[in-house]
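Chemist:
Chains as they are written, first to last, in our numbering: chain A, 1 to 210; chain B, 211 to 348.
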């Protein structure tokens with residue numbers, strides 16, 4: 001999916017200028033790649049947020065520059081609510097790009113019904129594919145996952161032409177028995193051990209003895 | 211049993227000030243949903259444990275809970291009706307220093323509705339204002 005993003009060129013750069021831009025409702029951005037010069041840009045915050053909400057990886061930049069670009073990195077504020085910076089990299093539809101794709105569990109796990117815990121070990125997976133064929137999600141089918149079983153990276157169905165960039169034997173989803181916690185130690189320590197206190201006390205006693 | 215460090219360099223610490231927002235530990239990393247602090251404060255070990263129990267009782271064997279904070283700071287107090295002076299009090303309890311933005315708990319392996327209910331039960335026990343957050347992929 002691709003959204004269009006109206007952006008303007010930034011004449012001045014730096015943290016103070018970026019802060020001023022953010023106060024005006026803009027998000028500072030940078031465009032690079034294809035061996036061309038870096039272009040500092042700024043885009044309206046609502047438009048950037050909308051593109052993220054739609055799950056767009058590829059955006060059509062309009063205004064100051066006219067190109068399609070991949071959202072390489074996004075920086076968020078402390079609370080993860082507002083974007084504070086975006087990195088765009090120039091791509092054409094046939095370019096092969098490295099992206100991280102989230103993993104989605106599909107189906108009802110029989111192991112979970114039998115009392116197991118399904119844990120998603122790998123939340124994202126790095127793949128290489130063409131820019132026009134970046135999947136939104138990769139589905140891990142847990143319909144046949146029993147207790148003690150696991151789905152590995154090589155079990156995932158990749159889109160045509162995509163290549164894995166992680167170890168194929170890595171576990172993506174596992175279904176395990178719940179761990180029964182051992183009974184807590186009866187004699188709980190009231191205070192933690194203070195590093196080096198005993199040695200110091202002994203030293204003081206020896207000095208006092210002399 | 212409430213959390214506490216195994217070994218410390220000093221038994222007592224100065225109170226300090228909680229300045230600024232969390233720049234680390236402010237993203238959902240292990241689970242799919244989390245509880246994020248919106249205010250600064252101290253989170254006592256007993257409160258962390260109370261939250262964990264409240265969540266576990268709701269989740270039972272389903273899903274997984276991750277506690278993202280640890281009480282590293284000892285909090286001292288002096289007994290009532292004590293005269294001035296005679297130095298700093300004795301350690302009373304341990305607390306985690308929480309900055310706005312810190313993720314306190316995370317949940318994995320449950321639906322969003324279940325996670326919302328579970329974390330809402332837990333939120334009632336927190337001494338700071340908190341909000342429900344989801345994992346972000348980009």
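Cβ coordinates follow ideal geometry from the N, Cα and C atoms, glycine included.
1) Where are the beta strand (DSSP E) runs, 3 residues long or more, that stay fully inside the segment 39 to 114 of chain A, in chain order?
2) If you measure from the beta carbon of residue 45(A) to each beta carbon in chain B, is any gap under 9 Å?
3) So residue 317(B) and residue 273(B) are supposed to be a Cβ contact under 8 Å. How far apart are they, rounded?
4) Quick one: using the 10 Å Cβ neighbour count with 16 as the cut-off for buried, is residue 210(B) buried or exposed?
5) Beta-carbon within less than 6 Å of residue 285(B)'s beta-carbon, same chain only, minus the 5 sequence neighbours each way: which residues are those?
6) Taking only three categories from DSSP, how would you classify residue 180(A)?
7) In this structure, what does DSSP give as the bridge partners for residue 243(B)?
8) Jot down the residue ranges of each uninterrupted beta strand (DSSP E) in the segment 256 to 305 of chain B, minimum 3 residues, whole runs only, in chain order.
9) Nearest chain A C-beta to residue 325(B) closer than 9 Å, yes or no?
10) Between residue 186(A) and the rest of its own chain, which residues show a CB-CB distance below 8 Å, the 5 nearest in sequence each way excluded?
11) Which same chain residues, not among the five before or five after residue 240(B), have their C-beta less than 6 Å away from its C-beta?
12) Going along chain B, which residues have a C-beta under 8 Å from residue 176(A)?
13) Could you tell me which chain A residues have their CB closer than 7 Å to the CB of residue 347(B), listed as they occur along the chain?
14) Do residue 79(A) and residue 322(B) have their beta-carbon atoms positioned less than 9 Å apart in this structure?
15) Report yes if the C-beta distance between residue 28(A) and residue 103(A) is below 9 Å; otherwise report no.
16) Would you please state the rounded distance, in angstroms, between the beta carbons of residue 57(A) and residue 99(A)? I believe it to be under 8 Å.
17) Against residue 120(A), what residues of chain B qualify as contacts under a CB-to-CB distance less than 8 Å, listed in chain order?
18) Quick check: the Cα distance between residue 169(A) and residue 151(A), rounded to an integer number of angstroms?
19) Taking contact to mean 3 or more Cβ pairs, one atom from each stretch, closer than 8 Å, check whether the segment 286 to 302 of chain B and the segment 329 to 337 of chain B are in contact.
20) Hey, quick one: how far does the alpha helix (DSSP H) through residue 18(A) stretch, first residue to last?
21) Report, in whole angstroms, the separation of the C-beta atoms of residue 230(B) and residue 308(B), which I expect to be a contact under 8 Å.
22) For residue 71(A), which residues in chain B fall below 8 Å Cβ to Cβ?
23) Using three-state DSSP, classify residue 217(B) as helix, strand or coil.
24) Take residue 166(A) and list the residues in its own chain whose beta-carbon comes closer than 7 Å to its own, dropping the five residues that flank it on each side.
25) Would residue 219(B) pass as an interface residue toward chain A - the criterion being a Cβ-Cβ separation below 9 Å?
26) Quick test of your reading: residue 238(B) and residue 326(B), contact by CB under 8 Å. State the CB separation rounded to the nearest angstrom.
27) Quick one: using the 10 Å Cβ neighbour count with 16 as the cut-off for buried, is residue 129(A) buried or exposed?
28) Output needed for residue 34(A): all residues of its chain with C-beta closer than 6 Å, excluding positions within five of it in sequence on either side, in chain order.
29) Contact criterion: CB-CB distance below 9 Å. Does residue 233(B) meet it with respect to chain A?
30) Quick one, which of 93(A), 65(A) and 111(A) has its alpha-carbon nearest residue 36(A)'s?
31) Run through the DSSP bridge pairs and tell me what residue 129(A) is partnered with.
Modeler: On the basis of the data shown:
1) Those beta strand (DSSP E) runs which fall completely within the segment 39 to 114 of chain A and span 3+ residues are 58 to 63, 67 to 76, 83 to 90 and 96 to 106.
2) False, the Cβ-Cβ gap to chain B never drops below 9 Å.
3) Between residue 273(B) and residue 317(B) the Cβ distance is about 6 Å, and since that is below 8 Å, they are a contact.
4) Since the displayed chain B opens at 211 and closes at 348, residue 210(B) lies outside it and no answer follows.
5) Sequence-distant partners of residue 285(B) (beyond 5 residues in either direction) whose C-beta falls short of 6 Å from its own C-beta, in its chain, are 302, 303 and 305.
6) DSSP places residue 180(A) in coil when its eight states are reduced to three.
7) Beta-bridge pairing by DSSP links residue 243(B) to 317(B) and 344(B).
8) If only complete runs of 3 or more residues are kept, the segment 256 to 305 of chain B shows the beta strand (DSSP E) at 274 to 277 and 283 to 287, in order along the chain.
9) No - not a single Cβ of chain A is within 9 Å of the one on residue 325(B).
10) Caution applies to residue 186(A), whose pLDDT of 49 falls short of 50 and renders its modelled position unreliable; the model cannot decide the point.
11) Correct list, in chain order: 276 and 316.
12) Residues of chain B passing the Cβ test: none, with the nearest at roughly 10 Å.
13) In chain order, 102 and 124 make up the part of chain A whose C-beta sits under 7 Å from the C-beta of residue 347(B).
14) Contact check for residue 322(B) against residue 79(A) fails: the beta carbons are separated by 9 Å or more.
15) Not closer than 9 Å, so no.
16) Rounded, the Cβ-Cβ distance is 6 Å, consistent with contact.
17) Neighbours of residue 120(A) in chain B, taken as residues whose beta carbon is under 8 Å from its own, are 242, 318 and 319 in chain order.
18) Spanning the two alpha carbons is a distance of roughly 9 Å.
19) No contact exists between the segment 286 to 302 of chain B and the segment 329 to 337 of chain B.
20) Taken as a continuous stretch (DSSP letters only), the alpha helix (DSSP H) holding residue 18(A) covers 15 to 23.
21) In fact, because the Cβ distance is near 12 Å, the residues do not count as touching under 8 Å.
22) Within chain B, the residues near residue 71(A) are 348.
23) Strand at residue 217(B).
24) 125, 126 and 153, listed in sequence order.
25) Contact of residue 219(B) with chain A is assigned, a C-beta pair being separated by under 9 Å.
26) A Cβ-Cβ separation of about 14 Å leaves residue 238(B) out of contact with residue 326(B) under the 8 Å criterion.
27) Buried, because 16 or more other Cβ atoms sit within 10 Å of the Cβ of residue 129(A).
28) Contacts found: 90.
29) At a cut-off of 9 Å between beta-carbon atoms, residue 233(B) makes contact with chain A.
30) Out of 93(A), 65(A) and 111(A), 65(A) has the C-alpha closest to the C-alpha of residue 36(A).
31) Note: residue 129(A) sits in a beta bridge opposite 97(A).
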